[in-house]
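Below: the structure, in structure tokens.
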Amino acid sequence: RRARSRGRVASTLPQAGAEGGHWVYPSAQMFYNAMRRKGFEPQEEDMRTVVAIHNTVNERTWREIMRWEQLHSECTEERKLVRFGGKPDEPSLKARLYGALGYKPPFDRHDWVVSRCGAEVRYLIDSYNGAPSTGKAVAMHIDARPAADAVSGVLDRLRMPLLRLWHAGAEREPSRPKA
């Protein structure tokens, strides 16, 4: 039996209600215990890697959410993560629609609530296994987007694809000589 680390690592995710504070990731021991409580049989020797992947996924998810938050530059306050929760047995509408079209379902689903100028904004996160590639231990796709339960979330989900298309077109446009 290997000893599992009890050391915790601070994230870069600002925590609402903790002035200047950030969320702290679970230790390998805490993660192991949580997996056992949920009915999994984790391998002790894998826990360090599992926790590293978990932490990396959360950091990537936060960056994806911040890309959406750029649509709200009028809010100058720092965004903070208020709370989060896993919902692996509640697939999002998008995941259900993709499943009906024959795509593989996400392996995980979470809701994150972010504080934006004092208002709480919910984000849906679906995590999919990605195509394996050489030199990468883990490949995954994180689909983070605002929930469509508020007008701003619906508008953001309409605006973002248009902005991405606009920026992609601007990058391909040949530069013109100056007059």
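For the sequence shown, the working numbering gives the first residue as 24, with consecutive numbering after it.
Ideal Cβ placement from N, Cα and C applies to all residues, glycine included.
Computed from a prediction, not measured in an experiment: that's the story for all the values here.
To the nearest angstrom, how far is it from the Cα of residue i to the Cα of residue j?
i: Val177; j: Ala170; result: 7 Å
i: Met89; j: Glu67; result: 34 Å
i: His95; j: Gly192; result: 22 Å
i: Arg187; j: Trp91; result: 11 Å
i: Ala33; j: Ser175; result: 31 Å
i: Val161; j: Pro128; result: 17 Å
i: Ala142; j: Arg132; result: 23 Å
i: Met53; j: Arg29; result: 7 Å
Where does residue i sit, in a helix, a strand or coil, going by DSSP?
i: Ser175; result: helix
i: Ala167; result: strand
Figure out for me which residue from the options has the closest Cα to the Cα of residue i.
i: Asp166; options: Gln52, Gly158, Leu181, Tyr146; result: Tyr146
i: Glu82; options: Ala123, Trp46, Gly30; result: Trp46
i: Phe107; options: Arg60, Lys61, Ile148, Met163; result: Ile148
i: Glu97; options: Ala57, Arg139, Leu36; result: Arg139
i: Tyr55; options: Ala39, Thr72, Ala41; result: Thr72
i: Asp134; options: Asn152, Ser115, Tyr126; result: Ser115
i: Arg168; options: Phe63, Val137, Val105; result: Val137
Give a yes or no on whether 7 Å exceeds the smallest Cβ distance from residue i to chain B.
i: Val47; result: Note that chain B does not occur in the displayed structure, where there is just one protein chain.
| query | In chain order, which continuous runs of the beta strand (DSSP E) of length 3 or greater are located wholly inside the segment 101-150? | reply | Counting only runs that start and end inside the segment 101-150, the beta strand (DSSP E) elements of at least 3 residues fall at 103-109, 131-139.
| task | Please specify which runs of the alpha helix (DSSP H), each continuous and at least 4 residues long, are wholly inside the segment 25-73, giving them in chain order. | result | The qualifying runs are 51-60.
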